Every structure is written in structure tokens, then in C-alpha cells.
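Visitor: Please read through the structure below; I'll follow up with questions.
Residue numbers (the UniProt record's numbering): 1 to 250.
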């Protein structure tokens with residue numbers, strides 16, 4: 001299978017769809033005997049419908065914690081973040097996340113609103129926004145950022161996320177136009193960057209690009225140490241951290 005960078009340069013929507021079909025197999029191969037990663041991925045698949053069904057879009061504290069677990073299971077494990085996120089009150093999580101969704105499509109303002117929560121940085125904020133507003137947001141996974149050509153070295157900043165998102169939007173538009181000329185249909189599991197019953201000239205970004213397509217061709221965790229994708233996060237010993245040694249939220 002082509003490397004992630006090769007996938008990015010591919011303008012054939014059917015190729016993206018073919019890669020997307022591999023996601024389940026790659027996930028099962030990487031999940032480990034306990035199946036923790038598969039369970040988290042299923043949860044992430046169900047979350048958008050729950051958010052959409054609410055009178056006002058928001059996430060709960062439990063949902064935020066489980067999204068963080070999903071994010072950490074796929075890449076760099078940072079146990080301190082779980083403690084920080086858990087320290088937010090349930091009321092504050094609902095309040096700040098609802099405010100973030102109201103601020104859309106101003107992505108900078110929405111991300112900043114979520115980053116006022118403890119333990120939430122731009123990458124985690126992007127996971128929340130992509131779950132509740134896939135038409136404008138995309139998850140900032142390390143694999144996807146690394147696969148986008150022309151970006152500077154990865155930084156967990158709002159500025160870097162907006163650069164990445166801009167490139168994602170450009171790629172989504174190109175793939176959407178290609179699907180229109182070939183009569184392709186959008187939707188989860190069909191086209192990687194579009195969603196809906198039919199392809200629109202104004203494509204909706206969908207998390208499968210960063211979470212499924214890129215990860216399917218490059219599933220290797222990128223971190224400072226070993227990551228067991230099949231274990232529970234609480235089973236991984238927390239390394240003793242010296243004051244000031246922990247980087248900021250991501």
C-alpha cells in the first residue's frame with residue numbers, strides 16, 4: 001500500500017475510498033488482545049450522532065475524557081492529561097464546549113474556547129470539534145499532519161492547526177470535485193473527505209481522512225516511549241515527572 005504522503009497527492013476519490021476500507025483491518029491488527037482501541041473507536045463513531053441530537057451542541061465531561069482516551073490510544077501517551085481533564089467540573093465542560101460550537105465557523109475562537117479547559121490543547125480541541133462539527137473541523141492527528149506536505153515541523157498550537165485545516169479543506173474540495181466528475185457518492189466509508197447523501201460542491205470534512213485513511217497506511221504510534229494500543233490507559237504506569245517537565249496540553 002502507498003505511504004501516507006503518496007495518498008495525499010492522489011486525486012482519485014476511489015483510491016481514498018479503497019484506503020478507507022482498510023481501516024477496520026488495520027485497527028484490529030493494532031488493537032491488541034484486550035480490544036481497547038476498537039472499543040474507543042466504536043465509541044467515537046457513535047458520538048457525533050449524540051452531539052447532533054442535543055438542543056445545543058456540547059460534550060459532557062465523560063465524553064471529553066473518553067475522547068482524550070481515544071486520542072492518546074492512537075499516539076503519544078501522556079497520563080498527566082487525563083488527570084487535568086478530569087479536574088474540570090462537569091458544568092464547566094458543558095459550558096465551554098457549547099460556547100465553542102456556537103463560535104463556529106470561527107475555528108480560532110472555537111479552539112481557544114475549548115483550550116480554556118484544563119488539559120485541553122489544540123489537538124484535543126480539534127477532536128471535540130471534529131466529533132460535533134465534521135463539516136468544518138478535522139482531527140489534528142500526528143499521522144495526518146505529518147502526511148500533509150508543505151507544513152512546518154509539528155507544533156501543538158492553534159496557528160499550526162489552522163494551517164493544517166486549511167490544507168485539509170483544499171484537499172477535500174479537490175476530492176469532492178473529482179467525485180462529482182466520476183459520479184461518486186459521499187458518506188462515511190465511501191469518500192474519505194466528504195460526508196452526506198451526495199457530494200456537494202462545498203464538501204464537508206470528515207474525520208476519516210486523518211483518523212482512518214492516513215492512519216490506515218501509517219498506523220505507527222509517534223511518541224517518546226512504547227505504547228500498547230490494546231491496554232487500558234490506567235494500566236500504563238505513570239512516569240514520575242519533575243516540576244516543569246511536562247509539556248503543555250495538546
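Even glycine gets a Cβ: it sits at the ideal position worked out from N, Cα and C.
Please read these numbers as outputs of a predicted model, since none were measured by experiment.
Using the rule of at least 16 other Cβ atoms within 10 Å of the residue's Cβ for burial, across every protein chain shown, is residue 150 buried or exposed?
Guide: Translated into positions along the chain shown, residue 150 becomes position 150. Answer is exposed; the Cβ neighbour count stays below 16.
Visitor: Would the stretch 135-149 and the stretch 113-120 be scored as touching if the rule is three or more Cβ pairs under 8 Å?
Guide: Taking 8 Å as the limit for Cβ pairs, the verdict is that the stretch 113-120 does not touch the stretch 135-149.
Visitor: At the level of alpha carbons, what is the spacing between residue 40 and residue 66?
Guide: Walking along the chain shown from the start, residue 40 turns up at place 40. Walking along the chain shown from the start, residue 66 turns up at place 66. Taking the straight line joining both Cα atoms gives about 7 Å.
Visitor: Nearest-angstrom Cα distance between residue 88 and residue 61?
Guide: Position 88 of the chain shown holds residue 88. Position 61 of the chain shown holds residue 61. Approximately 8 Å, taken between the alpha carbons.
Visitor: Return the CA-CA distance between residue 13 and residue 176, expressed in angstroms with no decimal places.
Guide: On the chain shown, residue 13 is found 13 positions in, with the first residue counted as 1. On the chain shown, residue 176 is found 176 positions in, with the first residue counted as 1. Those two C-alpha atoms are separated by around 8 Å.
Visitor: Three or more beta-carbon pairs under 8 Å between the stretch 92-103 and the stretch 155-169, yes or no?
Guide: Not touching, per the Cβ criterion.
Visitor: Using 8 Å for Cβ pairs, my map puts residue 137 next to residue 107. What's the rounded Cβ distance?
Guide: Residue 137 sits at position 137 when you count from the first residue of the chain shown. Residue 107 sits at position 107 when you count from the first residue of the chain shown. The Cβ separation is near 7 Å, so the contact holds.
Visitor: Looking only at C-alpha atoms, which of 55, 92, 44 and 84 sits nearest to residue 73?
Guide: The count along the chain shown starts at 1 and reaches residue 73 at position 73. Looking at the Cα atoms, 44 is the closest of the given residues.
Visitor: Rounded to whole angstroms, what is the Cα-Cα separation between residue 164 and residue 141?
Guide: Within the chain shown, numbered from 1, the residue matching residue 164 stands at position 164. Within the chain shown, numbered from 1, the residue matching residue 141 stands at position 141. About 10 Å.
Visitor: For residue 50 and residue 139, I'd like the C-alpha separation in whole angstroms.
Guide: Counting from 1 along the chain shown, the entry for residue 50 is found at position 50. Counting from 1 along the chain shown, the entry for residue 139 is found at position 139. Cα-Cα distance, rounded: 18 Å.
Visitor: Alpha carbon to alpha carbon, how far is residue 38 from residue 23? Give it in angstroms, no decimals.
Guide: Along the chain shown, read from residue 1 onward, the residue named residue 23 stands at position 23. Along the chain shown, read from residue 1 onward, the residue named residue 38 stands at position 38. If you take the alpha carbons of residue 23 and residue 38, they lie about 11 Å apart.
Visitor: Does DSSP put residue 164 in a helix, in a strand, or in coil?
Guide: Taking the chain shown and counting its residues from 1, one reaches residue 164 at position 164. Of the three classes helix, strand and coil, the one that applies to residue 164 here is helix, per DSSP.
Visitor: Using 8 Å for Cβ pairs, my map puts residue 119 next to residue 85. What's the rounded Cβ distance?
Guide: The residue given as residue 119 occupies position 119 in the chain shown. The residue given as residue 85 occupies position 85 in the chain shown. Between residue 85 and residue 119 the Cβ distance is about 4 Å, and since that is below 8 Å, they are a contact.
Visitor: Whole angstroms is fine: what's the gap from residue 250's alpha carbon to residue 162's?
Guide: The sequence position of residue 250 within the chain shown is 250, counting from 1. The sequence position of residue 162 within the chain shown is 162, counting from 1. In a straight line, the C-alpha of residue 250 is about 14 Å away from that of residue 162.
Visitor: Can you name, in chain order, every residue of its own chain whose Cβ lies under 7 Å from the Cβ of residue 109, other than the five neighbours on each side?
Guide: For the purposes of this step, residue 109 is identified with residue 109 of the chain shown, where counting begins at 1. Answer for residue 109: 103, listed in chain order.
Visitor: Spatial neighbours of residue 52 within its chain, please: CB distance less than 8 Å, with the 5 preceding and 5 following residues excluded, ordered by chain position.
Guide: Taking the first residue of the chain shown as 1, we reach residue 52 at position 52. Same-chain partners within the cutoff: 132.
Visitor: Could you tell me the alpha carbon to alpha carbon distance between residue 7 and residue 172, rounded to whole angstroms?
Guide: One-based indexing of the chain shown puts residue 7 at position 7. One-based indexing of the chain shown puts residue 172 at position 172. Approximately 13 Å between the Cα atoms of the pair.
Visitor: Report all residues from its chain with a CB closer than 6 Å to the CB of residue 167; omit the five preceding and five following residues, and keep chain order.
Guide: Here the question's residue 167 lines up with position 167 in the chain shown. 148.
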